[in-house]
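In the working numbering, the protein residues as written are 40 to 693. All C-beta atoms in this analysis are idealised placements derived from N, C-alpha and C, irrespective of residue type, glycine included. The structure appears right after this line, and notes come after that.
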């Protein structure tokens with residue numbers, strides 16, 4: 040998911056001008072189906088007339104295909120309701136016998152103000168607010184085994200995280216017969232989804248629909264060894280205000296029926312030409328080795344398609360579904376998508392799918408924007424006729440998710456930084472290499488006013504701002520700090536090794552640390568313990584300066600302290616009144632260090648890390664000290680400028 044970038048350019052300009060003014064003062068000498076009845080559930084799949092044209096065969100599946108979905112869904116335009124039938128087959132990948140299945144019913148996050156998502160988010164997400172009359176929900180009306188045994192009386196809503204009885208986003212189904220290791224079970228389900236007003240990645244507004252997290256979705260089942268587990272078991276959480284998603288890989292075969300004027304964008308590729316009957320149009324999509332399926336629909340889409348291939352992209356059809364307001368910007372979207380696919384495939388491995396769809400929603404559907412799904416991403420709502428580089432940045436960021444979210448499928452409930460932080464790092468790299476836009480780490484590090492551990496559950500952060508501050512910004516800066524210690528070439532090797540080794544395998548923070556240590560042949564426990572598992576930041580300060588004169592020589596005694604986590608190389612610059620400088624590198628060992636300097640001219644000032652190479656130092660106001668204060672007014676100006684920078688940096692947060 041993308042952060043909001045509104046007003047960022049203007050505020051950056053203000054901060055940079057102010058920073059320049061402050062530094063100048065210092066250095067002077069002084070961020071488908073028809074309407075369905077009870078009998079229709081028997082006809083959902085498995086019959087010849089409802090089969091899907093298979094994709095080109097591959098030698099072996101790319102992933103462990105735990106779930107297989109066959110879904111028919113119809114959009115009722117008038118009521119903004121989805122009516123669905125699905126047959127889902129779950130295969131037990133572990134060694135333990137399983138007696139119950141867990142499903143995510145994500146639309147129920149929006150059924151009242153009392154759900155866990157609504158209480159934690161306050162009905163707000165990324166600047167969008169849930170309309171008071173915009174609630175929606177999912178109602179499961181039938182569930183049965185393949186041979187017709189009804190199971191509705193075996194359902195139970197559970198709240199594994201907070202015990203909120205009014206939260207119905209997780210459902211447990213007690214099975215009539217256990218599923219042994221290696222065995223499968225197929226269930227047939229009938230349900231309705233009353234789409235909420237567009238908010239938090241899904242819903243409907245006017246004639247635009249975003250169907251994200253819209254079907255009863257099996258929770259992730261982890262066999263022993265997955266993500267460090269000792270035994271097989273479910274990994275299941277409610278829908279929280281900060282959390283995104285985590286699922287097993289599988290197969291999706293989906294028919295989508297919409298009014299005939301609608302155009303549908305979806306995960307996967309179309310298996311046949313859409314058919315029109317009785318003023319409705321039926322689309323048919325198929326995707327394998329993906330862990331989710333999303334679609335969007337509108338009669339207003341401007342559709343553009345282009346083929347693309349490069350060294351590690353054998354052949355992809357890039358599909359744009361543009362709101363008319365952004366029709367003239369299609370070349371920019373397309374260029375950003377091609378650049379992202381080309382570079383990311385070189386850095387993080389081959390893009391294995393045959394399609395990539397980009398949906399540009401209307402401005403009033405901005406709540407659906409800036410989100411990632413397998414082979415489908417959304418950008419922010421079409422507004423400005425001439426947007427800045429936030430247009431490209433959003434496309435790049437969401438395509439980056441195709442790797443860290445899509446092909447690695449980290450657990451975003453419990454280790455969100457492995458997706459958002461890594462994607463933000465990749466986004467910056469591409470924006471710099473392709474568009475010449477360099478990140479301002481000094482400003483971004485100043486966002487970190489409340490550091491928290493990166494490896495913690497998403498709902499343990501205080502609020503959305505705290506989540507973004509750590510999972511996006513601090514996480515990215517941790518990776519940048521790692522790169523600055525090992526070098527850019529080695530960092531590329533680390534990430535390439537990580538993304539190729541754990542493709543389709545749900546890696547953890549510990550897995551990433553093992554890759555870092557394997558590639559560098561070094562122990563990184565101290566770094567990870569302080570910056571990843573703990574909440575620490577770097578903080579190196581000039582504590583005091585003492586000046587003494589003996590004859591024609593001046594002796595300066597300077598104390599530098601470490602008030603935060605370790606860092607191996609701390610650059611320090613000493614400037615004298617005659618304009619000469621002395622540079623030192625402190626190893627960072629111990630809590631403090633003292634320097635004695637003798638010079639023919641008095642010491643003017645001391646600056647710790649003046650080029651901000653230590654990107655995890657978020658308290659730069661104590662990095663600088665003048666040796667003597669001879670102009671009280673000037674000193675007040677310096678201090679005011681620094682406080683202004685600090686204030687503006689906070690305003691730039693999201």
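Assign residue 477 to one of two classes, buried (16 or more other C-beta atoms within 10 Å of its C-beta) or exposed (fewer than that). For the purposes of this step, residue 477 is taken as the residue at position 438 of the chain shown. With fewer than 16 Cβ atoms within 10 Å of its Cβ, residue 477 is classed as exposed.
What is the rounded straight-line gap between the Cα of residue 624 and the Cα of residue 454? On the chain shown, position 585 is the one that residue 624 refers to. On the chain shown, position 415 is the one that residue 454 refers to. Cα to Cα, the separation comes out at about 35 Å.
Can you list, in chain order, the residues of its chain whose CB lies under 6 Å from that of residue 461, leaving out five sequence neighbours each side? Here residue 461 refers to the residue found at position 422 of the chain shown. Here the set comprises 443.
Relative to the alpha-carbon of residue 286, which residue among 565, 595 and 104 has its alpha-carbon at the smallest distance? Taking the chain shown and counting its residues from 1, one reaches residue 286 at position 247. Looking at the Cα atoms, 104 is the closest of the given residues.
If the criterion is Cβ atoms closer than 9 Å, does the pair residue 196 and residue 307 meet it? Residue mapping note: residue 196 aligns to position 157 of the chain shown, counting from 1. Residue mapping note: residue 307 aligns to position 268 of the chain shown, counting from 1. Contact flag unset, no.
Residue closest to residue 655, alpha-carbon to alpha-carbon, out of 247, 397 and 509: Looking up residue 655 in the chain shown gives position 616. Comparing Cα-Cα distances from residue 655 to each of 247, 397 and 509, the minimum goes to 509.
Hey, could you find the ends of the beta strand (DSSP E) residue 544 is sitting in? Start at 1 with the first residue of the chain shown, and residue 544 comes out as number 505. Neither: residue 544 is in no beta strand (DSSP E) and is coded neither H nor E.
On the CB-based measure, 16 or more other CB atoms within 10 Å of its CB, does residue 617 come out buried or exposed? For the purposes of this step, residue 617 is taken as the residue at position 578 of the chain shown. Classification for residue 617: exposed.
Can you grab the Cα-Cα spacing for the pair residue 257 / residue 458, in whole Å? Reading the chain shown from its first residue, position 218 is the one you call residue 257. Reading the chain shown from its first residue, position 419 is the one you call residue 458. Approximately 21 Å, taken between the alpha carbons.
Could you tell me the alpha carbon to alpha carbon distance between residue 645 and residue 531, rounded to whole angstroms? Residue numbering aside, residue 645 sits at position 606 when the chain shown is read from its first letter. Residue numbering aside, residue 531 sits at position 492 when the chain shown is read from its first letter. Computed Cα separation, rounded: 35 Å.
Whether or not the segment 332-339 and the segment 243-257 are in contact is what I'm after, with contact meaning three or more pairs of Cβ atoms, one per stretch, closer than 8 Å; do they touch? yes
Between residue 438 and residue 395, is the Cβ-Cβ spacing less than 9 Å? On the chain shown, residue 438 is found 399 positions in, with the first residue counted as 1. On the chain shown, residue 395 is found 356 positions in, with the first residue counted as 1. Yes, these two residues count as a Cβ contact at 9 Å.
Taking residue 524 as the reference, give the member of 612, 534 and 652 with the closest Cα. Reading the chain shown from its first residue, position 485 is the one you call residue 524. Ranking the options by Cα distance to residue 524, first place goes to 652.
In this structure, how does DSSP classify residue 311 when only helix, strand and coil are distinguished? Counting from one through the chain shown, the residue named residue 311 turns up at place 272. Looking at residue 311 - three-state DSSP - the assignment turns out to be coil, as it is neither helix nor strand.
List the DSSP bridge partners of residue 636. Residue 636 sits at position 597 when you count from the first residue of the chain shown. In DSSP, residue 636 forms a bridge with 595.
Have a look at residue 419 and residue 246 and give me their C-alpha separation to the nearest angstrom. Translated into positions along the chain shown, residue 419 becomes position 380. Translated into positions along the chain shown, residue 246 becomes position 207. If I take the Cα positions, the gap works out to 17 Å.
Kindly list the residues whose CB is nearer than 6 Å to the CB of residue 213, restricted to its own chain and excluding five residues on each side of it in sequence; keep chain order. Locating residue 213 in the chain shown gives position 174, where the first residue counts as 1. Result list for residue 213: 139 and 193, in chain order.
Which of the three DSSP states, helix, strand or coil, is assigned to residue 298? For the purposes of this step, residue 298 is taken as residue 259 along the chain shown, with counting starting at 1. Here residue 298 sits in strand by DSSP.
Kindly list the residues whose CB is nearer than 7 Å to the CB of residue 404, restricted to its own chain and excluding five residues on each side of it in sequence; keep chain order. Working through the chain shown from its first residue, we reach residue 404 at position 365. Result list for residue 404: 237, 244, 247, 249 and 420, in chain order.
Residue 435 lies in the alpha helix (DSSP H); which residues open and close that run? Here residue 435 refers to the residue found at position 396 of the chain shown. Per DSSP, residue 435 belongs to the alpha helix (DSSP H) from 429-440.
What are the uninterrupted segments assigned as beta strand (DSSP E) that are 3 or more residues long and contained completely in the segment 346-406, given in chain order? Whole beta strand (DSSP E) segments, 3+ residues: 352-361 and 394-398.
Classify residue 358: buried if its beta carbon has 16 or more other beta carbons within 10 angstroms, exposed otherwise. Counting from 1 along the chain shown, the entry for residue 358 is found at position 319. Classification of residue 358: buried, given that the 10 Å Cβ count is 16 or more.
Residue 215 in three-state terms, based on DSSP: For this step, residue 215 is matched to residue 176 along the chain shown. Correct three-state label for residue 215: strand.
Rounded to whole angstroms, how far is the Cβ of residue 543 from the Cβ of residue 271, which I believe are closer than 8 Å? One-based indexing of the chain shown puts residue 543 at position 504. One-based indexing of the chain shown puts residue 271 at position 232. At roughly 19 Å, the Cβ-Cβ gap does not stay under 8 Å, so residue 543 and residue 271 are not in contact.
With DSSP as the reference, identify every bridge partner of residue 202, one or two as the case may be. Working through the chain shown from its first residue, we reach residue 202 at position 163. In DSSP, residue 202 forms no bridge with anything.
Run of the alpha helix (DSSP H) containing residue 550, from where it starts to where it stops: The residue given as residue 550 occupies position 511 in the chain shown. 548-559 is the span of the alpha helix (DSSP H), which, as asked, contains residue 550.
Within 10 angstroms of its Cβ, does residue 295 collect 16 or more other Cβ (buried), or is it exposed? Numbered from 1 along the chain shown, position 256 holds the residue referred to as residue 295. Result: buried.
How far does the beta strand (DSSP E) with residue 180 in it reach, from first residue to last? If you number the chain shown from 1, residue 180 lands on position 141. Residues 176-184.
Considering residue 658, what are the terminal residues of the alpha helix (DSSP H) in which it resides? Against the chain shown, residue 658 aligns to sequence position 619. Taken as a continuous stretch (DSSP letters only), residue 658 belongs to no alpha helix (DSSP H), as it is neither H nor E.
Quick one: grab the DSSP three-state call for residue 130. In the chain shown, counting from the first residue as 1, residue 130 sits at position 91. Three-state result, residue 130: strand.
DSSP beta-bridge partners for residue 271? The residue labelled residue 271 in the question sits at position 232 within the chain shown. According to DSSP, which records beta bridges pairwise, residue 271 is partnered with nothing at all.
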